[in-house]
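In what follows, a single structure is set out as structure tokens and then discussed.
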Amino acid sequence: MNEKPAQLGLALATRRVSKDIRDDWFSDPILFKDFLNKDKAKQYFSIPEAYFGQSAEQFNLPKAGFMLRYSLETFIYDRLLYQALIDKLIEEYDPLFHHRVYSHRLRLGKQVLIFQHGVDAWRRFIQDISSDLQGGKGVLLVTDIQNYFECISLSLLESALKKLKPTGDKRIDVYIKNLMILLREWSPNKTHGIPQNQDASSFLGNVYLSLIDKKMISMNYNYFRYMDDIRIVCKNEFLARKALKNLIINLRKIGLNVNPKKTKILYPGNSKEFFEFMPPPNRDIEEIDTLWKQRKVASTRLALPKLRSYTHQLISEGRTGEREFRFCINRLEQVARCKVLDFDFSGIVDPAIDLFINHPASSDSIVRLLRVVDLTDAQINRIKKFALDKNKNIYEWQGYLVWQLLTMLGKQTRSDNKKFRELAKRTLNKSWAPPMKAGAILYLGACGRDQDKVDVLKELPKVKSRLVIRSTVIASQELPENQLKKYLYPNVSSVYVDSLNSIRDPNFNGNYLEPLPDLNPRELFDNLPSETSV
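Here the sequence shown stands for residues 871 to 1404, numbered as in my numbering.
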């Protein structure tokens, strides 16, 4: 690497990654607080061989309809370097994207939140298309791109970065070169695919599709894009067919294609199908969001009955797979964590558990909510029953999340649950996927006995998965030094030994599972003269 990572702005990248990892699919139990320190990062990057990255682990996640998508899980310092490189590129590239690209646009200033508000961006996307369809004239082509991130060609991405490259800063070539080193190291086949669910990758998605955006717009198509959702307003159905043909031909040049099941030519009107793709302004979401954005206690309290009512409506209508439901869950989680906001969660938690069991694609949002609300004994037993059911608990991602939930519940009740200790130990002894093993190890660390933890350490020489190693290190934090010297230190790299030393420091309070902390009211509300004013 021609430019040392320490010169890339590790402080900003550290703040951004610390924020970005909070909604990771395979979230770190303690949010990498032992790693994400700019001084430790600088120390790590002083090792030359660390610059070129480690391979990513590939896992599967359930999608809607019980399909699967992939996840590429990278080493945390590689992720930090990835973000630092993107931070250098995005300020130069984002102004070059067409204004008809609405998703993941740069927020002005070097802020922790790198992108503009997603709800606002989606609203502008829908409003601008609706404006062009006013009067009921014309038709709307709607489509999205199939298997978007995993089909991105790395050579074509590099070409797009160079072709779009702004002139002036010669260091951009260095950033691109080192970015591609990382991406090729992470790719399962070294040629295709970038990590999903990371801010840095969302920017690269815009780069990759930028040439498609400009090509379609240069052909005088009334074109709009939000992430992989594409809309084109045409005068009639035959011109829409032609637009689709040209879009497919151009996408094929970069190894992508449209999803035929989500491709429609629609006439504006009051049909259910039209509103499915072009929803009218959602008054419920707008009212809640407007009150929330005022960042005042009184306004937020006014939003709570609306939030509760709309969440119930989405649940009763079976619309839990939609972005509106995720919007509600995210705000409900904030409410549960902010103790100055009283809220009745009855009627929400049980349907949320139903959703977790029957719609695994929603697992991450639901588990975040379940971790911060008060659960009844009956609700806890439902979660435990699911965890013990080998015919239902089949997805490695969902299993990882449910083990984290069980870890939290076990620490809260301080009960010696023999069933789950035995299940966790059986998970280690069978050919379970690494995320399942990692979750079980975390549970044994928090709720098991010392011998359980020593048994976990004895398996370390056979372990290849970083996710499993990470959980093993966290689970070992209370073992005596002689056991660590015998079983842990010889079988992990120095960076994990340093990590364990941080976790074992009494001032660190790493615990086994970072609690979703109570929100300080000042994180949600402005103009609070004192705590008592809340």
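Where is the CB? At the ideal position from N, CA and C, for every residue including glycine.
Exclusion of the five residues before and after residue 1336 leaves 924, 927, 943 and 945 as the residues of its chain whose Cβ lies within less than 8 Å of its Cβ. Nearest C-alpha to residue 1393 among 1205, 1069 and 1121: 1205. By the Cβ criterion, the stretch 1310-1327 is in contact with the stretch 1256-1274, since at least three pairs of Cβ atoms, one from each stretch, lie closer than 8 Å.
Look at residue 1103 here: in three-state DSSP terms it is strand. Within the same chain, no Cβ atom closer than 6 Å to the Cβ of residue 1186 is found once the five residues on either side in sequence are excluded. For the alpha helix (DSSP H) assignment, the uninterrupted runs of no fewer than 4 residues enclosed by the stretch 969-1044 are, from N- to C-terminal side, 988-1002 and 1024-1034. With respect to residue 1213, residue 1161 sits apart: the two C-beta atoms are not nearer than 8 Å.
For residue 1328, the uninterrupted alpha helix (DSSP H) run begins and ends at 1320-1328, by DSSP. Per DSSP, residue 1343 has no beta-bridge partner at all. For residue 1371, the enclosing alpha helix (DSSP H) begins and ends at 1364-1374. Bridge partners of residue 1252 according to DSSP: none are assigned. Ranked by how close their Cα comes to the Cα of residue 934, the residues 1083, 1182, 1191 and 1073 have 1191 in first place. Here residue 1089 is exposed: its Cβ has fewer than 16 other Cβ atoms, across all protein chains shown, within 10 Å. The three-state reading of DSSP puts residue 1165 in coil, since its state is none of H, G, I, E or B.
Taking residue 1078 as the centre and dropping the five residues before and after it, the same chain places the C-beta of 1022, 1027 and 1030 closer than 6 Å to its C-beta, in chain order. Here the alpha carbons of residue 1154 and residue 1184 stand approximately 11 Å from one another. Comparing C-alpha distances from residue 1099 to each of 1134, 912 and 1362 shows the shortest one belongs to 1134.
8 Å or more divides the Cβ of residue 975 from the Cβ of residue 1024. Take residue 1339, set aside five residues on each side of it, and the residues of its chain with a beta-carbon closer than 7 Å to its own are 1333, 1362 and 1366, in chain order. Within the stretch 1126-1165, the beta strand (DSSP E) runs of at least 3 residues that lie entirely inside it are, in chain order, 1134-1136. Counting every other CB atom within 10 Å of its CB across the protein chains shown gives residue 1301 a total below 16, marking it as exposed. Here residue 931 carries a strand assignment [DSSP, helix/strand/coil]. Relative to the Cα of residue 1167, the nearest Cα in the group 1211, 1151 and 895 belongs to 1211. Residue 1097 places its beta carbon less than 8 Å from that of residue 973.
When DSSP states are grouped into helix, strand and coil, residue 1226 belongs to the helix group.
For residue 1233, the uninterrupted alpha helix (DSSP H) segment begins and ends at 1233-1240. The beta carbon of residue 895 lies closer than 7 Å to those of 931, 941, 1067, 1234 and 1267 in the same chain, with the five residues before and after it left out.
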